[in-house]
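What follows is a short report on a single structure.
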Amino acid sequence: MEHGSYQDQSQATFTLTDEDHTLANSVRYILNQDPRVTFVGYSIPHPSDARVNIRVQTTGDPAREVLKDSCEDLMFLCKHVTNTFDQAVAEFKSRPKPESMNISP
Amino acid sequence: MVSEKKSEKIPVWDLPDIPKGELPPHIQLQRTRVSCTFDAPTHTENVLYSGAYAAMGVDNSLRLPEFRNNFKVEVVSLSEDDMEFDMIGIDASIANAFRRILIAELPTMAIEKVFIANNTSVVQDEVLAHRLGLVPLKVDPRHFNYMSEKDEPNEKNTIVFKLHARCEKGGPRIKVKSNELKWLPNGSEFKLSTEKSNPDSTSKPKTYTSFGCSQDSMPEFANNPIASKHGDIILAKLGPKQEIELEAHAVKGMGKTHAKWSPVATAWYRMLPEIVLLEEIVDEKAEELVKKCPVNVFDIEDIGKGRKRATVANPRSCTLCRECIRGDDWEKLVAVRRVKDHFIFTIESTGALPPEVLFTEAVKILEDKCERVISELS
């Protein structure tokens, strides 16, 4: 749900239900690094309500589009993490194992 | 005291040029490292804002191609249930999202309903039911659906176990262990009490579940019977003539509802410790430093003529106890830091899924969350 105004779409608050810090903090991180964003922050109004408010203010672009882009960025990032991780695991499994491997502290 | 020496005036155009696109070393250090000084860790925050270093001609915005080049994963150890790997070049917020999802939002199967036909043991029904709930089950939750309140328990959302243990009169006391939970692939064997027993009817009597087919006829369980992950978990102890007879129904759920559904014993990360010797530490000082560290981070190397020099041999095992920078001027000799974008991630699976699968599933869930937001916004 979006709370903003029709006149000025560059700032809006988005309410996401059934989400928490997991998504909100990740999105906040991505949005903060977007040069179009002047302000972004999130809050959980009450700990027993499962929802977060994400405030996005931009230099002019519609806040909705900027938020959408950030989610897309986050998805690409996740895809890359999965690929890299799978590669690393496959590489580890194919590695010949020495008898006594004492790497962990 | 006022210093007598007057600082020379340097015209601004004679100052050395600061290279564009590069941060001065002290700011770069603050940006990439947490310094663990004796009184407190400093520079713990991450500078996120894209224009934070605009004045120095440095763009701090997120560039995915750059992320792609820098992001690395190195598996340190991987066994059936445990995994440790290094995740390098990612922000704490994303690493923390993965950790939170692993703990609270990945589904597993766990016993939710217990039908107790007989319990004469000293363990009360509700305590026994709670203990059963916490038993990790070795079953892939991806083969099952969630059961909502209006759903009938069927072969796609419920696993039924039977437990019948009895201690004979005059025999020794026995322990009821989790390997006595017997999987019932055909569903519940307890008849519904509302059903009238009709000896003439040929149809099967109604039970607490309505399975359409047997679970062991499904290809995923045919050669892979469902059981408790560990057979040696003590559920109750029985004295002579005591008996437990019950049926346990496991359903799919998430760790945020109850910790019994969490697929990990725990999942955590720590930042890579980095220890830098700011000056050369030799001879007695070196010996002292090696002795100061309780986890043997430092080592001594010979530099000839019977002289010794301290080296940092094993920074990974540093626990940041900061013993090495305690007292005198040690803080000027040794710097204890943490690398902000290097995470040593550890996953301990409870056994439903192997840890590497858990992690990829966690990443997938974060992706799904993003997709949901995108579809809601458009």
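Protein chains in written order, with my numbering: chain R, 97 to 201; chain X, 1365 to 1742.
Note that the Cβ used here is the ideal one computed from N, Cα and C, for glycine as well.
Asked	Found
Using CA coordinates, which residue listed in P1388(X), E1607(X) and E1638(X) is at the minimum distance from N1678(X)?	E1638(X)
On a Cα-Cα basis, can you pick out the residue from F1479(X), F1435(X), P1627(X) and C1688(X) that is closest to A1650(X)?	C1688(X)
Put F1723(X) into one of helix, strand or coil per three-state DSSP.	helix
Answer with yes or no whether the minimum CB distance from T1472(X) to chain R is below 7 Å.	no
Where S1367(X) and I1374(X) are concerned, what is the direct C-alpha to C-alpha distance, given to the nearest angstrom?	Reliability fails at S1367(X), whose pLDDT of 46 lies under 50, so the model's placement of it is uncertain and the value that follows must be treated cautiously. Computed Cα separation, rounded: 19 Å.
Just the Cα atoms here: how many angstroms apart are S164(R) and G1421(X)?	Reading the sequence as shown, one finds Lys at residue 164(R) and not Ser. Cα-Cα distance, rounded: 28 Å.
Closer than 6 Å by C-beta to N1483(X): which residues in its own chain qualify, once you throw out the five before and the five after it? Chain order, please.	D1489 and I1608
Please look up how many angstroms separate the CB atoms of Y138(R) and R124(R), rounded, as I've assumed it's under 8 Å.	5 Å
On a Cα-Cα basis, can you pick out the residue from L1545(X), F1662(X) and P1505(X) that is closest to A1493(X)?	L1545(X)
By the DSSP assignment, the beta strand (DSSP E) with H1622(X) in it spans what residues?	Segment: none, H1622(X) is in no beta strand (DSSP E) and carries neither H nor E.
Would you kindly work out how many angstroms separate the C-alpha atoms of E1751(X) and P1589(X), rounded to a whole number?	The question about residue 1751(X) has no answer, for chain X in this structure spans 1365 to 1742.
I'd like to confirm the pairing. Which residues does DSSP put opposite Y138(R) in its beta bridges?	I150(R)
Since A1677(X) meets chain R, which of its residues come closer than 7 Å, beta carbon to beta carbon?	Per Cβ cutoff of 7 Å: no residues; A1677(X) is ~12 Å from chain R at best.
Determine, for D1504(X), whether the minimum Cβ-Cβ distance to residues of chain R falls below 7 Å.	no
Residues of chain R with a CB under 8 Å from the CB of G1415(X): which are they?	P131
How is M1420(X) classed by DSSP in three states: helix, strand or coil?	helix
Would you tell me roughly how many angstroms separate the C-alpha atoms of C1657(X) and C1685(X), rounded to the nearest one?	9 Å
Using a C-beta cutoff of 7 Å, does E1609(X) count as contacting chain R?	no
Just tell me which of S1414(X), R1397(X), H1613(X) and A1416(X) has its CA closest to the CA of T1408(X).	R1397(X)
Any beta-carbon of chain X closer than 7 Å to the one on R160(R)?	yes
Would a check of beta-carbon distances place S1739(X) closer than 7 Å to chain R?	no
Short of 8 Å Cβ to Cβ, which residues in the segment 123-148 of chain R face chain X?	V123, R124, Y125, I126, N128, Q129, D130, P131 and V133
Helix, strand or coil for N121(R)? Go by DSSP, reduced to three states.	helix
If you draw a straight line from the C-alpha of L1412(X) to the C-alpha of F172(R), how long is it?	19 Å
Can you give the Cα-Cα distance for M1365(X) and E1695(X), rounded to whole angstroms?	Bear in mind that a pLDDT of 43 at M1365(X), under 50, signals an unreliable position, so the number given afterwards is only what the model happens to contain. So the two alpha carbons sit approximately 26 Å from each other.
At a Cβ cut of 9 Å, what residues of the segment 158-186 of chain R count as close to chain X, listed as they run along the chain?	R160, E161, L163, K164, S166, C167, E168, D169, L170, M171, F172, L173, C174, K175, H176, V177, T178, T180, F181, D182, Q183, A184 and V185
Less than 7 Å between CB atoms is the rule here; does K1733(X) satisfy it with respect to chain R?	yes
So which residues of chain R does V1398(X) contact, with C-beta pairs closer than 8 Å?	Result: empty, since nearest Cβ-Cβ is about 17 Å, beyond 8 Å.
I'd like to know whether the C-beta of L1498(X) is nearer than 7 Å to at least one C-beta of chain R.	no
Taking the alpha-carbon of L1610(X) as reference, which of S1552(X), E1725(X), M1511(X) and K1514(X) has the nearest alpha-carbon?	S1552(X)
In this structure, does DSSP put A1474(X) in helix, strand or coil?	strand
Identify which residue in H1706(X), A1481(X) and E1430(X) has its Cα closest to the Cα of L1556(X).	A1481(X)
Mapping DSSP to helix, strand and coil, what is C1531(X)?	coil
The beta strand (DSSP E) spanning M1635(X) covers which residue range?	V1628 to L1641
May I ask which residues mark the beginning and end of the alpha helix (DSSP H) holding R1464(X)?	A1456 to A1468
Determine the extent of the alpha helix (DSSP H) in which S166(R) is found, giving its start and end residues.	A159 to S190
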